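J.: Using my numbering, the letters of the sequence shown map in sequence onto residues 29 to 113.
In this text, a Cβ means the ideal position worked out from N, Cα and C, and glycines have one as well.
Note that the coordinates shown come from a computational prediction; the quantities given were computed from them, not determined experimentally.
Quick one: the structure is below, questions incoming.
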Amino acid sequence: MHLTRAASVQFLRPIFVRVIRVLDWPTYDGWLWIDGYELAANGDAVARRSLFVMSAGLIWPGSPAPPARRPTTRTPVRRGPVRVG
């Protein structure tokens, strides 16, 4: 996970974190505690940290992009008289 100032003001310098778990500690609405390892540039874990972050500011690198929607073509429906009774 990539943490920037969008997640919390504590990240003046953005960091990458490997998340272990989301902690169930009480927080404000829209915020959460995560437990994980801070990663170095080469991907090695350098420190274990518990971080208080805003869930709306979390960036998940490598997450798949939503599939592109293909335009749909409609086939006209043939309409005719309806028999009643």
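Just to confirm my understanding: we take F39, look at its own chain, exclude 5 residues before and 5 after, and list those with CB closer than 7 Å. What are they?
T.: Residue mapping note: residue 39 aligns to position 11 of the sequence shown, counting from 1. Hits under 7 Å: L31, T32 and R33.
J.: Counting only C-beta atoms, is W59 closer than 8 Å to chain D at any point?
T.: Although the question refers to chain D, the structure presented lacks it and comprises just one protein chain.
J.: Whose C-beta lies closer than 6 Å to the C-beta of G85 among residues of the same chain, with five residues either side of it excluded?
T.: Within the sequence shown, numbered from 1, the residue matching residue 85 stands at position 57. If we look at G85 and ignore the five residues flanking it on each side, its Cβ neighbours are A34 and A35.
J.: Between N70, P54, Y56 and G108, which has its C-alpha nearest R46's C-alpha?
T.: Position 18 of the sequence shown, counted from the start, is the residue given in the question as residue 46. Of the listed residues, the one whose Cα sits closest to R46 is N70.
J.: Does the Cβ-Cβ distance between W61 and F80 come in under 8 Å?
T.: By 1-based counting over the sequence shown, the position of residue 61 is 33. By 1-based counting over the sequence shown, the position of residue 80 is 52. Yes. Within cutoff.
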